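Order-wise, the sequence lines are chains A and B. Under our numbering, the residue at position 41 of the first sequence is numbered 51, and the numbers go up by one with no gaps. Under our numbering, the residue at position 16 of the second sequence is numbered 26, and the numbers go up by one with no gaps. Only one structure is covered here, and it is reproduced in the block below.
Protein chains: 2
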Amino acid sequence: MKQISTRFSIAVHTLSLIAIIPNDCTGDFIAGSVNTNPVVIRRIMGMLKKAGLVDVRPGVGGASLLKAPNEITLLDVYRAVNVTEENQLFRIHEDSNINCLVGRNIERVLQEELRDAQSVMETRLAQTTLDQLISKFK
Amino acid sequence: MKQISTRFSIAVHTLSLIAIIPNDCTGDFIAGSVNTNPVVIRRIMGMLKKAGLVDVRPGVGGASLLKAPNEITLLDVYRAVNVTEENQLFRIHEDSNINCLVGRNIERVLQEELRDAQSVMETRLAQTTLDQLISKFK
DNA sequence: ACCGTTGTAACCATTATAGTTACTATTAAA
DNA sequence: TTTAATAGTAACTATAATGGTTACAACGGT
Chain A
11 MKQISTRFSI AVHTLSLIAI IPNDCTGDFI AGSVNTNPVV IRRIMGMLKK AGLVDVRPGV
71 GGASLLKAPN EITLLDVYRA VNVTEENQLF RIHEDSNINC LVGRNIERVL QEELRDAQSV
131 METRLAQTTL DQLISKFK
Chain B
11 MKQISTRFSI AVHTLSLIAI IPNDCTGDFI AGSVNTNPVV IRRIMGMLKK AGLVDVRPGV
71 GGASLLKAPN EITLLDVYRA VNVTEENQLF RIHEDSNINC LVGRNIERVL QEELRDAQSV
131 METRLAQTTL DQLISKFK
């Protein structure tokens, strides 16, 4: 099965670092903590920036949070890095045969159920803040 | 973002057909309703069979449910077609730098949260049966 | 002006997906 | 016993997302 990209977990990692070390969090430094290529970090930082979560200083380097850690939820991060216009976790096959009872109903009926399932997952993500996460580090 | 495969929705479609038309549900017939290649259906049927949800009759053709429609949940189907040993919806980056406070904690802490999020989604899937789904067709 | 940094473009290898062709095995019916 | 329809599967393909990489321009404090 294709899993949800590590962009998400790397983004959470990145924001945690910025929260804990407000200054000196350059892309290279974060890459060193995540253990990946700096460009991967810069790409993700760009998404976080676009989502209004961080401010990145070009030239001088470093980043800072634009919201307090207790105001940033995992859902915010999830949304920031999952680049799709519509947030559709499940993909449903299209072009079913409308001459068939199942074919002409399955998309609509399944759509409702899966949207619900996705929704409860996102609600759960929204219940955890960056703050809570960091407080569990030891 | 990479979405969850249409195998899932096609599998639900397939089971709905078998439930409604207990006889004569050959792979070609189902493929005609789903509007895809018969081999795609046969592959998915193989997974449903392996999961103990259906009985497929080789030679003569056709399939039948091994459980009542009100005993088959969306979670059962989801599990049947998402071929991975561990059910990990979210992928977390590995090899973080353990010399960093965030690096050595992020995996464990995030793991807990994401497992929870996945869990509530699956619980929601488990609340819908094939029976309920079919009753919404019109 | 210099140097470290950000922002991107471009490229690549890997992987999952979904469709396709082709073939064998199975089973009922002629 | 032969035939026809079907299941089961292997092999191949095209497409797309991912994540890593190199390269380079733009930026900004010292």
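Every residue gets a Cβ at the ideal spot worked out from N, C-alpha and C, and that includes glycine. Since the model is a prediction, treat every value here as computed from it, not as a measurement.
Give me the Cβ distance between residue 58 (chain B) and residue 24 (chain B), rounded to the nearest whole Å; I'm assuming they're in contact under 8 Å. 7 Å
Going straight from the alpha carbon of residue 56 (chain B) to that of residue 137 (chain A), what length do you get? 39 Å
Beta carbon of residue 43 (chain A) nearer than 8 Å to that of residue 27 (chain A): yes
Against chain B, with Cβ distances strictly below 8 Å, would residue 70 (chain A) count as a contact? no
Given a limit of 7 Å on CB to CB distance, which residues of the segment 84–107 of chain B reach chain A? 84, 92, 93, 94, 98, 99, 100, 101, 102, 103, 105, 106 and 107
When you measure from the CB of residue 141 (chain B) to every non-hydrogen atom of the ligand FMN, does any distance come out below 7 Å? Only the bare structure without any ligand can be found here, which leaves the ligand FMN out of the picture.
For residue 143 (chain B), does the three-state DSSP call read helix, strand or coil? helix
Pair every Cβ in the segment 107–124 of chain A with every Cβ in the segment 115–128 of chain B, then say whether three or more of these pairs are closer than 8 Å. no
Please compile the residues from chain B whose C-beta is within a distance smaller than 9 Å of the C-beta of residue 30 (chain A). 111 and 112
In the DSSP assignment, what are the bridge partners of residue 73 (chain A)? A:66
Would a check of beta-carbon distances place residue 62 (chain B) closer than 8 Å to chain A? No, its Cβ sits nowhere closer than 8 Å to a Cβ of chain A.
Whole angstroms is fine: what's the gap from residue 146 (chain B)'s alpha carbon to residue 36 (chain A)'s? 54 Å
Short of 7 Å in beta carbon distance, which residues of its chain neighbour residue 144 (chain A), apart from the five on each side in sequence? Order them along the chain. Taken in chain order, the residues that qualify are 26, 29, 30 and 79.
Own chain partners of residue 84 (chain B) with C-beta closer than 6 Å, once the 5 adjacent residues on each side are dropped: 135 and 138
Rounded to whole angstroms, what's the CA-CA distance from residue 13 (chain A) to residue 98 (chain B)? Just pull it up for me. 7 Å
CA-CA distance, residue 94 (chain A) and residue 88 (chain A)? 11 Å
Provide the residue span of the alpha helix (DSSP H) that contains residue 25 (chain B), from first to last. 16–30
In chain B, what lies closer than 9 Å to residue 33 (chain A) by C-beta? Those within 9 Å of residue 33 (chain A) in chain B number zero; the least Cβ separation is about 15 Å.
Cβ of residue 15 (chain B) less than 8 Å from any chain A Cβ? Any Cβ of chain A closer than 8 Å to the Cβ of residue 15 (chain B) would place that residue at the interface, and such an atom is present.
Chain B beta carbons: is any one of them nearer than 8 Å to that of residue 3 (chain A)? Any question about residue 3 (chain A) goes unanswered here, given that chain A covers just 11 to 148.
Can the beta-carbon of residue 15 (chain A) be found less than 8 Å from the beta-carbon of residue 125 (chain B)? no
If residue 103 (chain B) sits next to residue 20 (chain A), beta carbons under 8 Å apart, how far is it from one beta carbon to the other, in whole angstroms? 5 Å
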